[in-house]
Amino acid sequence: MKILSITAGAGPMYCGSCLRDNALARELIRQGHDVVLLPLYTPTRTDDVNVSSPRVFFGGISIYLQQKLPIFRRTPKFLDKLWDLPGVISLFAGRGVEVDPAQLGALTVSILEGAGGRQRKEIDNLVDWLLHEPAPDLVTLPYTLLIALARPLKQATGRPVVCSLQGEELFLDGLTEPWRARALDLIRRQVDDVDAFIAVSHHEARHMRRYLGIPEEKLHVVPLGIATEGHSLERRARPGTWNVGFLGRIAPEKGLHVAAEAYRTLRERGGLPPCCFHVAGYMAPEKRPYFEEVRRRFREWGLEAEFRHWGEVDREGKIRFLQSLDVFSMPATYDEPKGLPVLEAMANGVPVVQPRRGAFPEMIEATGGGLLVDPDSPGALADAWHRILADPALAQKLGRNGCEAVHRDWTLERMALRTAGVYRRVIDPILAATGAGTGA
C-alpha cells in the first residue's frame, strides 16, 4: 500500500502520539509498504530513527500569524516558505511551544473550520502539493483535531481517510467556553468525512464513540506496540535498595505529585531498607514550578536525598532508567488512553502499579504485569508498592508476566500488521470498485 500519513509535531517535546506515528510508519515501511510521514506544525521529535519528511506543512509560525493578523492570510508563497523552514520553526519552538488548551481555543476552532477558517491557505498549499505527488491509496490523520482535512484530502485524492484516536479529548476538555462546545460540534459534524477511526485502546474506542458520536461500524481498535529491541529482564537495580520510578511528561495530569505523596506514605511505614524515588520525562518550561513544588515537598519531608531526577531521557537512557527500578507507576489523574511508559516498564520486567482507569486495566489484565489500585489514592499506591517490594516472589512473577506478554503481544510488528489489516478493509472495496490496485 502507498500511505500518506500525517503527523502533528509538538516542538521540542517527546510526544506520545508523535512517537507512535513515527514507530508505526517505520515498521510499515519495513514490512514493505510505501509510507510518507508528513509533519504538520513543527518537525517531529522521536526517541528512535525519525522517518518523517523534512518538509513541514501548517507551519506553527504561519498558522499563528494567520490567526492573529489578516495580512498573513494573503502573503505570497515565497514568504511563507521562509517561516515554514524546519530550522526556523524549530528555533522558535525550542523556546517553548504553547500547548495550553485554555490559550488555544480560537486557533483550534479556526483549524476545525477548514476552508472556512483563517488557515485556509495552509489547506490549499497541502492539497496543491498532494496533486503533484503520486496518489496514495490511503490518507491517515493523527487525531480528530485535524478532521477538517479529511474532506479536501479525499476530494484531492479520491481515496479514503483514516483517523487515529489517541487521547485528544484531554486537550478538548481543557478548552474554555465557547471554544470547547464549538470545537466538539465541528468535529461531530465532520465524522462522516472519515472512513474509519483507529483507537489505541478499547477504553478510547468506547469513550470516543460516545464523546464524538462515531458510528460503531467505523471504529477499530489497534493496541499500542513498542520496539522491543534492547528491552529485557536484565536488571540494574541496586541490591538492598527499593527503587520506585515515574516516567512521563512532567505535568499534573500524569500524576507525579500523586506518586510523590505515595512515596512519602511508603517511607512513613518505617523499618524499610534504603529507598529511592526516580523521576524522568520531558518538562515544558511552564511546568517547572509544578516540578519544583514536588521537589520542595521532598525537602519538607526530609527525603530530598532520596529524590533522583534523571531529566529528559532518550531511548537508551529510558531503558537504563527502567532497568534500575524495582516498581513503576505513572498514576495519571485522568483516563489515560495510551500509557506507553507502562508498556515500556513491563518490557523490562518491572512490576507496575496503576490506577484503575483509562487503558490501564486492559493493559494489566492482558499482561498480568502489575496491580491495579483506586485512582487518585496515594495510600493505595503505597500499599501496592509495599506488597510488591516486600515479596520478591510476587515481584518476579509480575515482572516476568509483563515482560513476556509485551515481547509477545504488544510489539511494533503486531501493531503495524493489525493497522495494515484495518487499512486493507477500508481501501479494498474502493479499489475493487475503481479497478485500481495497491503496491503492497
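Taking the numbering used here, the leading residue of the sequence shown gets 39, the next gets one more, and so forth.
Every residue, glycine too, gets a C-beta built ideally from N, C-alpha and C.
This structure is a prediction, so every number in the text was calculated from the model and none was measured.
**OP:** Inspect the CB distances between the segment 254-261 and the segment 326-335 and report whether three or more fall short of 8 Å.
**Re:** no
Subject >> beta strand (DSSP E) runs contained entirely in the segment 50-94, provided each spans 3 or more residues >> reply: 72-78
**OP:** Please classify residue 443: does DSSP put it in a helix, a strand, or coil?
**Re:** helix
**OP:** Mark residue 109 as exposed unless 16 or more other C-beta atoms lie within 10 angstroms of its C-beta, in which case mark it buried.
**Re:** Under this definition residue 109 is an exposed residue.
**OP:** Please go through the segment 245-282 and give each complete beta strand (DSSP E) segment of 3 or more residues, from N-terminal end onward.
**Re:** 257-259
**OP:** Report the residue from 423, 378, 468 and 208 whose alpha carbon sits nearest the alpha carbon of residue 315.
**Re:** Comparing Cα positions, the closest option is 423.
Original post:
Between residue 91 and residue 43, what straight-line distance do the alpha-carbon atoms span, to the nearest angstrom?
Top reply: About 10 Å.
**OP:** Express the C-alpha separation of residue 309 and residue 480 in angstroms, rounding to a whole number.
**Re:** Given that the chain is displayed from residue 39 to residue 478, the structure contains no residue 480 and the question cannot be resolved.
Subject >> For residue 443 and residue 389, believed in contact at Cβ under 8 Å, the rounded distance >> reply: Between residue 443 and residue 389 the Cβ distance is about 13 Å, and since that is not below 8 Å, they are no contact.
Original post:
Between 349, 385 and 75, which lies nearest to residue 268 when the distance is taken from Cα to Cα?
Top reply: 385
Original post:
How is residue 213 classed by DSSP in three states: helix, strand or coil?
Top reply: For residue 213, the three-state secondary structure derived from DSSP is coil.
Subject >> Through-space distance from residue 286 to residue 379, alpha-carbon basis >> reply: Looking at the two C-alpha atoms, the distance is approximately 7 Å.
Original post:
How about the segment 93-105 and the segment 55-68: do they share at least three Cβ pairs that are nearer than 8 Å?
Top reply: no
Subject >> As assigned by DSSP and simplified to three states, the class of residue 135 >> reply: Low per-residue confidence applies at residue 135: pLDDT is 48, beneath 50, and the placement is therefore not dependable, though the value from the model is reported in the following sentence. Three-state DSSP puts residue 135 in coil, outside helix and strand.
**OP:** Would you check if the distance between the CB atom of residue 153 and the CB atom of residue 450 is smaller than 7 Å?
**Re:** No, Cβ-Cβ distance for residue 153 and residue 450 is not below 7 Å.
Original post:
Between the segment 69-86 and the segment 193-211, do at least 3 Cβ pairs fall closer than 8 Å?
Top reply: no
Subject >> Same chain, Cβ closer than 8 Å to residue 105, neighbours up to 5 away in sequence not counted >> reply: 144, 145, 148, 156 and 157
Subject >> Under 7 Å between C-beta atoms of residue 75 and residue 89 >> reply: Yes; because the gap between Cβ atoms is below 7 Å, this pair is in contact.
Original post:
Do you know offhand how far residue 136's Cα is from residue 323's?
Top reply: At residue 136 the pLDDT is 49, less than 50, meaning the model places this residue with poor confidence; the figure from the coordinates comes in the next sentence. Cα to Cα, the separation comes out at about 10 Å.
Original post:
By Cβ distance below 7 Å, which residues in the same chain neighbour residue 290 in space, the five residues on each side in sequence not counted?
Top reply: 328 and 371
**OP:** Answer yes or no: do residue 84 and residue 103 have a C-beta to C-beta separation smaller than 7 Å?
**Re:** With contacts defined as CB atoms closer than 7 Å, residue 84 and residue 103 fail to qualify as a contacting pair.
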